[in-house]
Each structure stands twice: as C-alpha cells, then as structure tokens.
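When we follow our numbering, the leftmost residue of the sequence shown carries the number 2, and every step to the right adds one. All C-beta atoms, glycine included, are put in the ideal place defined by N, C-alpha and C. Quick caveat: nothing in here was measured; it's all calculated off a predicted structure. To start, the structure itself, in structure tokens.
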Amino acid sequence: MSNAGLLIVSNPAKLGNMLQIVQSRVQKALYIQLESMDSRGIACLSRLVSGVYSQASALCHNLDVRLLIRSPLPQQKVDVVFFDGPASRISGLNCAAEKLDLSAEDHPVSLKVSKQASEAAAQETDKEFGHVVLGGTFDRLHIGHKELLSQAIIRCKRKLTVGVTDSNMLSSKILNELIEPCDTRIEKVKEFLMDVDNTIEYAVVPISDPFGPTKDDPTMDLIVVSEETLKGGLKVNEVRQQKGLLPLTLHCVQLVEDLVPSHLRDTDVEDWKVSSSSGRMRLLGTLLKTPVPRPNIPATPYIIGLTGGIASGKSKIGERLAKKGCGVIDCDLIGHQVYTPGSKGFQMVVEEFGKEIVDNEGKINRRALGKIVFGNQASP
C-alpha cells in the first residue's frame, strides 16, 4: 500500500467509482487533480469542490484528501498515480502508475448541494475578488476545513488572509485540552494552502478576538463563512461600517455532512456535520504521544497523571483504572487532609486568611477561601 497517491480525473462524474477503487490502495494522503480546472468558471469550480469533498467524506474518511486547484502537482512526493484517461497524461511523473478499470457499474454518492443555494451564490460571489478573508480554529484539518479554504481560494485573485483563533478563544470548545497549539494549526493551514494552490499570496495569522484583521483592513473584499459563522460575518460588516470601512461581500459555504460509518462514531453526542469537536471525541482513548524512554527514573511504578478541568472525567477514569488493579492516588482528597481541623496546615491557613473562612462545623469553608484566593489579583 502506498503512503501518498495522485488521482487524475478526466470525468468528474466517475469520481465516486474511482474513490471506491483507490481508497484501499493509499494509506495516508490522496491528491485529486481534475483536468481542465483552469478553464472552468467559478460557479462550476464551486460545485466541483463541494462534490469532491462530499464524496471524500463518504468514501475516504481515513485519508487526507486534497483537491489540487491551481497547483499542477502536490508539493509532497507521491508514490503512485491513478488515472482514467490516456497514459500520455501522466508522462514525466517519476512514480508508479495505474490506469483504473471503470467498466464496473458506478455507484456515485449523492451530493446534497442545494440548487437554490448554488443559484443564489452565482448571482454575486461566483467571481474573483482581490483580497479574500476567512477565519476559524482549524484544529486537525478535516474535510469541512478543506472545502471552506478551497471555496475561498477559487474566488481569490491576489491575496488570501486566514485568521486562526488563538488559545484565549478556545475555552468554550468541546475537549479544548486536545486542541493543537496555535502555531501548529497555522503551519498546517499554510501547508494545505500551498499544496493545493501556490499561485496567490497567503497571510495566515493568529487572532485573539472574533474580528481579527477584518476590523481595520480596508483592502479586503470578500469574507467566506460557513452556515454556522454567517452571523459572525454579518457582525464583521457592522464593525467595519462603524469604523468607516466598506462592508465585505459574504460568501456562505454549506456544512459538510459527516458520513463516517456509524460504527466508528458516537451518533448520540457527535455532530451530524464534519467537525473538529467530533474528531477530538474520537481521539479519546487513543495514544496521542508515544512514551519516551526515561532511563533516569525507575521503570516501576508506572505513573499515569490524570488532569483536566472540573467535570472532565478524572474521577471516572480513576475508578475504571482502579477496577483494573491500578493504585489510585486522589490528590484532591490528600490536599484537603492537609488542612483538617487541628492540623498544622489548618492553623497556617486560618492565620493567613482569617477566622471568617472557618464554617460552623469548625472546618475550612473552601468556597469562602476560594473567593479570597482567586479574587485577589494583586497577590503573587
């Protein structure tokens, strides 16, 4: 099986059948090149982008699928090229090649693209704009991110600015502890953009508020949003008009349905759409980082640290590990024992914070203590 493959498609109508064939022959990345991309209009390109990523969601959920837009070849080396047309189309590529047999009956995936939405978009946003902007968290790039970025690229003539939410804006996200660092997410967005289209200028920047550079950049023309972030795009224009800037044209991209097989996902708690939060849920219970040998510390006991915010599941995981025979040390309980009535710790805490933190039962009132500790911003 190859790590990375390139699929050259002469007939987009056969893409579903081709993906069904190649998805089991590539292990990591699959690049798709649709012939005559540069001669198609924006409206046609927009439908092709939606179609490619919708089918990829259904048939290649295990692969990093990327549709080449203006880049003739991916930056990453590919091991094999699959094609459905004349062999002359792959001349000059120094890798294995395989012509696909498409004689079997095709069973393409139904693309749920609203005709009404397509027609509405064609009236205003199916054309090129000088400076295009969009924003998001972009945690572990998925099909939805790729479509959003690609829809922005095909409408961009000169410069594309992408705002990536910094850590201060992530507290409300599901399993935010698992979100990749901002620098990592920025690099992955840059790499994707350059991979699929290396002909325009990119500015991928961290943003610490919902508006980022849109609130004061007069050169921007178009903002690309999803159905979820449309209200945010409208708010951007309110802020721009308050500052005397021209409003941005809005292009709204439909959400991509998550077509990962039901046995691989928890349909009760995960989104119906492709989302990073669902991806993070699927990471639970998986090894994210291989333990590094540490010869300077004893091999036993093997220590596992459970960390996380309130109600994040630490106690439940501890209970499960205990049932497996693991010794569990509850640091919260040990910490509370340090200042039990009559102990030296109790005396020190009362001396430091006053008798008002002692409740009617003679114990430390943790809520009262917390208000003092966390309310005093001047203390070190």
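The Cβ atoms of Ile43 and Ile155 lie closer than 7 Å to each other. Spatial neighbours of Lys189 in its own chain (CB-CB distance under 6 Å, excluding positions within 5 residues in sequence) are listed in chain order as Leu142. Here Lys317 carries a helix assignment [DSSP, helix/strand/coil].
Annotated three-state conformation of Gln34 is strand, per DSSP. Under the DSSP definition of a beta bridge, Pro207 partners with Val165. Under the DSSP assignment, Gly6 falls in the beta strand (DSSP E) whose first and last residues are Ser3 to Val10.
Within the same chain, and ignoring the five residues on either side of Val50 in sequence, the residues whose Cβ sits closer than 7 Å to its Cβ are Leu68, Glu148, Ser151, Gln152 and Ile155. The beta strand (DSSP E) runs of length 3 or more contained entirely in the segment 240–279 are, from start to end of the chain, 250–254. Counting only the Cα atoms, Ile180 lies some 6 Å from Asp140. In the three-state DSSP reduction, Ala98 falls in the strand class (E or B). The beta carbon of Ile224 lies closer than 7 Å to those of Val134, Leu135, Thr215, Gly234, Val237, Leu249 and Leu251 in the same chain, with the five residues before and after it left out.
Within its own chain, the residues whose Cβ lies closer than 7 Å to the Cβ of Leu307, once the five positions on either side in sequence are excluded, are Lys315, Ile318 and Gly319, listed in chain order. Taking 3 residues as the shortest admissible run, the segment 173–220 contains the following complete beta strand (DSSP E) segments, listed from N- to C-terminal end: 202–208. Non-local beta-carbon contacts of Ser278 in its own chain, meaning distances under 6 Å to residues more than five positions away in sequence, involve Ile175 in chain order. Per DSSP, Ile43 lies in no beta strand (DSSP E) segment; the continuous alpha helix (DSSP H) that holds it begins and ends at Ile43 to Leu60. Annotation: Arg26 is outside any beta strand (DSSP E) and is labelled neither H nor E by DSSP. For Val351 against Val359, the beta-carbon gap comes to about 6 Å, under 8 Å, which counts as contact. In this structure, DSSP gives Arg67 an extended state, which the three-state scheme calls strand. According to the DSSP secondary-structure assignment, Val359 is paired through a beta bridge with Ile365. In this model, Thr287 and Arg368 are separated by some 36 Å (Cα to Cα).
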